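Participant:
There are 2 protein chains.
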Amino acid sequence: MRNLKLTLAYVGTRFAGWQVQPGRETIQGILEDRLSGMLGEKVRLAGAGRTDAGVHARGQVANFLTAAPIPGIGLRRGLNARLPEEINVVAVEEASETFHARADARWKEYRYRLRSGEGGTPFEAPFTVVVHGPLDAEAMRDAAARLCGRRDFTSFCPAQSEIEDKVRTIMMSEVLEEGPVLEYRVRADGFLRHMVRTLVGTLIAVGRGLVEPASIESILAARDRRAAGPVAPARGLVLERVSYDVPPATGDAGGAG
Amino acid sequence: MRNLKLTLAYVGTRFAGWQVQPGRETIQGILEDRLSGMLGEKVRLAGAGRTDAGVHARGQVANFLTAAPIPGIGLRRGLNARLPEEINVVAVEEASETFHARADARWKEYRYRLRSGEGGTPFEAPFTVVVHGPLDAEAMRDAAARLCGRRDFTSFCPAQSEIEDKVRTIMMSEVLEEGPVLEYRVRADGFLRHMVRTLVGTLIAVGRGLVEPASIESILAARDRRAAGPVAPARGLVLERVSYDVPPATGDAGGAG
Chain A
1 MRNLKLTLAY
11 VGTRFAGWQV
21 QPGRETIQGI
31 LEDRLSGMLG
41 EKVRLAGAGR
51 TDAGVHARGQ
61 VANFLTAAPI
71 PGIGLRRGLN
81 ARLPEEINVV
91 AVEEASETFH
101 ARADARWKEY
111 RYRLRSGEGG
121 TPFEAPFTVV
131 VHGPLDAEAM
141 RDAAARLCGR
151 RDFTSFCPAQ
161 SEIEDKVRTI
171 MMSEVLEEGP
181 VLEYRVRADG
191 FLRHMVRTLV
201 GTLIAVGRGL
211 VEPASIESIL
221 AARDRRAAGP
231 VAPARGLVLE
241 RVSYDVPPAT
251 GDAGGAG
Chain B
1 MRNLKLTLAY
11 VGTRFAGWQV
21 QPGRETIQGI
31 LEDRLSGMLG
41 EKVRLAGAGR
51 TDAGVHARGQ
61 VANFLTAAPI
71 PGIGLRRGLN
81 ARLPEEINVV
91 AVEEASETFH
101 ARADARWKEY
111 RYRLRSGEGG
121 TPFEAPFTVV
131 VHGPLDAEAM
141 RDAAARLCGR
151 RDFTSFCPAQ
161 SEIEDKVRTI
171 MMSEVLEEGP
181 VLEYRVRADG
191 FLRHMVRTLV
201 GTLIAVGRGL
211 VEPASIESIL
221 AARDRRAAGP
231 VAPARGLVLE
241 RVSYDVPPAT
251 GDAGGAG
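Top to bottom, those sequences are chains A and B.
Reminder that position 99 of the first sequence reads as 99 in our numbering, one-by-one numbering, no gaps.
Reminder that position 253 of the second sequence reads as 253 in our numbering, one-by-one numbering, no gaps.
#1: Give a yes or no on whether 8 angstroms exceeds the smallest Cβ distance from Tyr10(B) to chain A.
#2: Please confirm if Asn88(A) has its CB atom under 8 angstroms from at least one CB of chain B.
#3: Between Gly78(A) and Thr13(A), which are expected to be in contact by the criterion C-beta below 8 angstroms, what is the C-beta distance as a whole number of angstroms?
#4: Figure out for me which residue from Leu135(B), Pro134(B), Asp189(B), Met38(B) has the closest Cα to the Cα of Asp152(B).
#5: Please state the DSSP three-state secondary structure of Glu109(B).
#6: In whole angstroms, what separates the C-alpha of Arg235(A) from that of Lys108(A)?
#7: Would DSSP call Gln28(A) helix, strand or coil?
#8: Measuring only the C-alpha atoms, how far is Ala46(A) from Leu6(B)?
#9: Is Val200(A) helix, strand or coil by DSSP?
#10: Is Glu85(A) close to chain B, meaning its C-beta is less than 8 angstroms from at least one C-beta of that chain?
#11: Under 8 angstroms, Cβ to Cβ, is there at least one residue of chain B near Thr26(A)?
#12: Would you identify the three-state DSSP class for Arg182(B), choosing helix, strand or coil?
#13: Does any heavy atom of the ligand ATP sit closer than 7 angstroms to the C-beta of Ala62(B)?
#14: Any Cβ of chain A within less than 8 angstroms of the Cβ of Phe15(B)?
#15: Give the DSSP-derived three-state secondary structure of Met258(B) in the structure shown.
#16: Does Phe153(A) come out as helix, strand or coil in the three-state DSSP assignment?
#17: Round the Cβ separation of Leu135(B) and Leu182(B) to the nearest angstrom and send it over; I've been treating them as touching at under 8 angstroms.
#18: Label Ala143(B) either buried or exposed according to how many other C-beta atoms from any shown protein chain fall within 10 Å of its C-beta, with 16 as the threshold for buried.
#19: If we cut at 8 angstroms on Cβ distances, does Pro122(B) have a partner in chain A?
#20: With a threshold of 16 other CB atoms inside 10 Å of the CB of Met1(A), please say whether the residue is buried or exposed.
#21: Can you give me the Cβ contacts of Tyr10(A) inside the same chain, cut-off strictly under 8 angstroms, excluding the 5 residues immediately before and after it?
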């Protein structure tokens with residue numbers, strides 16, 4: 001069997017997220033359907049990040065096992081020809097037989113785009129959340145930096161979460177400013193459900209002056225969902241990149257060329 | 001009566017173009033409907049450029065007469081709250097009573113975005129036309145420059161056009177290159193129906209080596225639609241800006257602030 005690694009970009013606006021759900025259009029569901037049709041066998045994809053409904057990706061990674069001898073370049077082109085234009089296969093690579101897109105991810109990077117006040121264009125609207133009134137970017141940068149490290153993120157995921165271990169390591173957490181547009185960039189070894197959007201909701205509260213940057217410590221220490229801010233809207237979020245320790249590719253099967 | 005000048009941005013993908021058509025969703029139709037609802041009077045808009053179905057705008061201009069005393073800023077905000085997110089009012093200004101968005105335009109600038117080969121993302125797909133195979137950007141630049149000046153553009157508009165005078169002046173016609181992405185920028189005192197897209201279709205033929213840059217002269221001289229290239233797809237085209245000789249504003253009625 002071959003193990004193929006796909007790098008994927010998508011505009012998530014009209015989809016019900018990554019994960020297969022009966023009767024809903026999902027990224028995983030559409031990809032599995034098109035792959036199965038092309039290869040003449042039932043394909044099951046493992047995705048690195050289970051992006052929510054409305055969330056986008058520039059560098060989602062998924063893998064699947066197949067016996068089909070199709071070259072990677074042919075697979076990428078054939079798949080792109082069959083996919084809706086919101087979903088694009090950026091690269092196809094041969095991976096080692098044990099490679100797993102989720103289990104082997106060293107870190108994932110998400111980006112979240114905010115605009116403070118009016119002046120946005122309809123070109124950026126599907127990828128940008130507009131916050132009314134000014135945002136204190138300096139306070140947000142301060143708060144963002146305080147999120148770094150190995151922490152218990154219980155306060156930043158739904159209270160009814162079934163996951164036991166809510167300790168994750170954030171190795172990058174920063175706010176970039178370009179005029180009225182702010183971009184939050186965060187890298188971690190793993191993310192809990194709604195974690196990035198709850199971090200952003202909390203950073204917005206900081207930017208509005210409702211929460212002190214130093215309060216990040218007590219919000220984390222509370223281990224209580226009610227301590228953090230609201231879940232920010234999905235449209236501002238992009239899964240930017242997934243990184244792996246050891247390059248999973250044993251050979252280029254028809255990459256981005 | 002007040003004469004209000006609107007600057008508009010829109011993503012044209014799902015609309016049947018600028019101009020009102022019975023039973024179709026058009027930019028002008030939606031704007032007139034929302035304006036009429038807000039102001040409690042029948043509003044008729046004059047637009048600077050009649051963009052085709054699927055064409056976008058960053059700086060379309062329109063004007064309308066109204067007796068309503070609403071401040072410009074309130075009009076802009078109220079209208080944006082009522083419009084679909086693909087359409088945005090960028091600015092509202094008071095214009096002189098004789099100002100007419102189309103008749104008074106000194107020039108309009110359109111931009112057209114092409115990608116040669118694969119590698120595009122779904123984020124840019126709605127605004128970019130993918131051309132398979134390489135494009136000779138240098139030859140396209142050469143051909144683009146030859147379009148400048150006061151010329152008869154009969155070869156670049158539909159044969160059955162009802163407009164008598166097909167002489168227009170192009171004062172800017174250039175091809176910008178950024179890696180595999182090419183952008184054609186063109187400014188003229190007026191454009192015929194399908195003119196920009198036919199110029200682009202012809203430039204693509206030049207880029208592919210099917211037409212010599214120097215043939216632009218004979219294509220213009222032919223005054224025959226069959227001499228030029230095909231009409232390039234609408235999605236790559238953006239009405240970027242409309243410029244007026246004398247600033248039409250007699251005062252800021254609630255601009256972009």
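Glycine residues also receive a C-beta, built at the ideal position from the N, C-alpha and C atoms.
As the structure is a prediction and not an experimental result, all values here were calculated from the model.
Facilitator: To lay it out plainly:
#1: Within the second sequence, numbered from 1, the residue matching residue 10(B) stands at position 10. Tyr10(B) counts as touching chain A.
#2: Sequence index remark: in the first sequence, residue 88(A) carries index 88 (1-based). Closer than 8 angstroms: yes.
#3: In the first sequence, residue 78(A) corresponds to position 78, counting from 1. In the first sequence, residue 13(A) corresponds to position 13, counting from 1. Not a contact, Cβ separation roughly 25 angstroms.
#4: For this step, residue 152(B) is matched to residue 152 along the second sequence. Closest option to Asp152(B), Cα to Cα, is Asp189(B).
#5: Within the second sequence, the letter at position 109 stands for residue 109(B). Correct three-state label for Glu109(B): strand.
#6: If you number the first sequence from 1, residue 235(A) lands on position 235. If you number the first sequence from 1, residue 108(A) lands on position 108. Whole-angstrom Cα-Cα distance: 18 angstroms.
#7: Here residue 28(A) corresponds to residue number 28 of the first sequence, with the count starting at 1. Helix, per DSSP.
#8: The count along the first sequence starts at 1 and reaches residue 46(A) at position 46. The count along the second sequence starts at 1 and reaches residue 6(B) at position 6. Those two C-alpha atoms are separated by around 49 angstroms.
#9: The count along the first sequence starts at 1 and reaches residue 200(A) at position 200. DSSP places Val200(A) in helix when its eight states are reduced to three.
#10: Counting from 1 along the first sequence, the entry for residue 85(A) is found at position 85. Answer yes: the Cβ-Cβ gap between Glu85(A) and chain B drops below 8 angstroms somewhere.
#11: As a working mapping, residue 26(A) is identified with position 26 in the first sequence. So, not an interface residue.
#12: In the second sequence, residue 182(B) corresponds to position 182, counting from 1. Residue 182(B) is actually Leu in this sequence, not Arg. If DSSP states are grouped into helix, strand and coil, Leu182(B) belongs with the strands.
#13: The ligand ATP is not part of this structure, which contains no ligands at all.
#14: Translated into the one-based positions of the second sequence, residue 15(B) becomes position 15. False, the Cβ-Cβ gap to chain A never drops below 8 angstroms.
#15: For residue 258(B) there is no data in the structure shown, the boundaries of chain B being 1 and 257.
#16: Looking up residue 153(A) in the first sequence gives position 153. The answer is coil: DSSP assigns Phe153(A) none of H, G, I, E or B.
#17: The sequence position of residue 135(B) within the second sequence is 135, counting from 1. The sequence position of residue 182(B) within the second sequence is 182, counting from 1. Going by Cβ atoms, the distance from Leu135(B) to Leu182(B) rounds to 6 angstroms, so yes, they are a contact pair.
#18: Counting from one through the second sequence, the residue named residue 143(B) turns up at place 143. It is buried - the Cβ of Ala143(B) has at least 16 other Cβ atoms within 10 Å.
#19: The residue given as residue 122(B) occupies position 122 in the second sequence. At a cut-off of 8 angstroms between beta-carbon atoms, Pro122(B) makes contact with chain A.
#20: Sequence index remark: in the first sequence, residue 1(A) carries index 1 (1-based). It is exposed - the Cβ of Met1(A) has fewer than 16 other Cβ atoms within 10 Å.
#21: Translated into positions along the first sequence, residue 10(A) becomes position 10. Counting only Cβ-Cβ distances below 8 angstroms, and skipping sequence neighbours, we find Ile27, His56, Ala57, Gln60, Glu86, Ile87, Asn88.
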